[in-house]
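Whatever position you read off the sequence shown (first residue = 1), add 41 for this note's numbering.
Note that beta-carbon positions come from the ideal geometry of N, C-alpha and C, so glycine has one too.
Reading through the structure tokens given below for one structure.
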Amino acid sequence: MPRSELMPMKVLVMGLCLSLSYGMASTALAFDPDAGITKESGPFDLFKFGFFSYKEGRKGDAVEAYRYAAEKGHTGSRWALANMYADGDGVPENDLEAFKIYSEIARAGVEPGSEDTGYFASALISLASYYRRGIPDSPVRIDLAQARQLYFQAASTFGIPEAQFQLGRMMLRGEGGNVSVHQAKKWLNRARNKGHAGAMGLFGNILFQEGDTARGLAFMTAALDHCPPKDCGWLQATQEEAFSVATEEDRRKGVALAQSIRFNPNE
Numbered sequence: 042m043p044r045s046e047l048m049p050m051k052v053l054v055m056g057l058c059l060s061l062s063y064g065m066a067s068t069a070l071a072f073d074p075d076a077g078i079t080k081e082s083g084p085f086d087l088f089k090f091g092f093f094s095y096k097e098g099r100k101g102d103a104v105e106a107y108r109y110a111a112e113k114g115h116t117g118s119r120w121a122l123a124n125m126y127a128d129g130d131g132v133p134e135n136d137l138e139a140f141k142i143y144s145e146i147a148r149a150g151v152e153p154g155s156e157d158t159g160y161f162a163s164a165l166i167s168l169a170s171y172y173r174r175g176i177p178d179s180p181v182r183i184d185l186a187q188a189r190q191l192y193f194q195a196a197s198t199f200g201i202p203e204a205q206f207q208l209g210r211m212m213l214r215g216e217g218g219n220v221s222v223h224q225a226k227k228w229l230n231r232a233r234n235k236g237h238a239g240a241m242g243l244f245g246n247i248l249f250q251e252g253d254t255a256r257g258l259a260f261m262t263a264a265l266d267h268c269p270p271k272d273c274g275w276l277q278a279t280q281e282e283a284f285s286v287a288t289e290e291d292r293r294k295g296v297a298l299a300q301s302i303r304f305n306p307n308e
């Protein structure tokens, strides 16, 4: 499956974990009793050891620690292990195994204000992406309605920009439900206000198609100026196509307006 859809959320959740490594006093180089961590250790200690090991490049130790912690119900360890299977990172790539673990996280749910909220929301987005494309040679088939519902949950309950962007895109295409340009614009607008370049560009393209030419060009240009690599290709193609049919006056207005568009990906 395309990992690029999931990266923004994965980066966000991993960012919440960065402080864990600073709490690891052990410098042992193996997952064994001498390291001070065993399979009988508490789930959070195992998770911290797994995270520290991963950062040090000892992915085998990380996988082992995450597995023991996951068996004890630690959500963060389940999430980390699922990511490793999804990416083939330290283990053989196995989308079905990743799907199963993400599903476990989703089924377990999350309490309001829980420290597991980020993992839960990320798991929803991962599952939506799998349902959107299916997993070849597995029981997981394409289910666009389920994908749309999962994106909606992550977008509405947790306000995740990537989920809002994907939901808006599905609504524009009529994937998993009716076409709704109005609702698509609402979700894309929310995502682009949080600095999602793809949402900003797509929102601008809608405005352009609706006749708000200069503003549409402005949003597409601003998005192109801030796009991550995964989105730059299609954003550039969309912007160039719009510029090719716009008047010279609208081009000038669009470029000028683009300079004033607020872009804050950290909000």
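Other residues of its chain near residue i: CB distance less than 8 Å, five sequence neighbours each side excluded
i, result
"residue 150", "161"
"residue 292", "258 and 284"
"residue 176", "42, 136, 137 and 140"
"residue 182", "175"
Residues near residue i by beta carbon distance below 6 Å, same chain, minus five either side
i, result
"residue 299", "259, 262 and 263"
"residue 45", "In this prediction, residue 45 has a pLDDT of 42, which is less than 50 and means its spatial position is unreliable; what the coordinates show is noted afterwards. The answer, listed in chain order, is 271."
"residue 294", "255"
"residue 91", "103, 106 and 107"
"residue 70", "Note that residue 70 scores 42 on pLDDT, short of 50, meaning its location in the model is unreliable and no value can be drawn from it."
"residue 218", "189"
"residue 157", "116 and 151"
Range covered by the alpha helix (DSSP H) that runs through residue i
i, result
"residue 202", "202 to 214"
"residue 79", "Careful: residue 79 lies outside any alpha helix (DSSP H) and carries neither H nor E."
"residue 194", "185 to 198"
"residue 116", "116 to 128"
"residue 250", "238 to 250"
Reference residue i, options the options, closest by Cα
i, options, result
"residue 211", "275, 193 and 238", "193"
"residue 222", "246, 233 and 303", "246"
"residue 235", "163, 152, 206 and 100", "206"
"residue 240", "288, 191 and 208", "208"
"residue 114", "226, 85, 98 and 279", "85"
Residues near residue i in its chain [Cβ-Cβ closer than 7 Å; skip 5 each side]
i, result
"residue 144", "168"
"residue 95", "103"
Assumed close pair residue i, residue j - CB separation to whole angstroms, cut-off 8 Å
i, j, result
"residue 201", "residue 166", "7 Å"
"residue 30", "residue 130", "The chain is shown only over 42 to 308; residue 30 falls outside these bounds and no answer can be derived."
"residue 237", "residue 216", "Rounded, the Cβ-Cβ distance is 19 Å, inconsistent with contact."
"residue 163", "residue 228", "The pair is not a contact, with the Cβ atoms about 18 Å apart (cut-off 8 Å)."
"residue 110", "residue 118", "4 Å"
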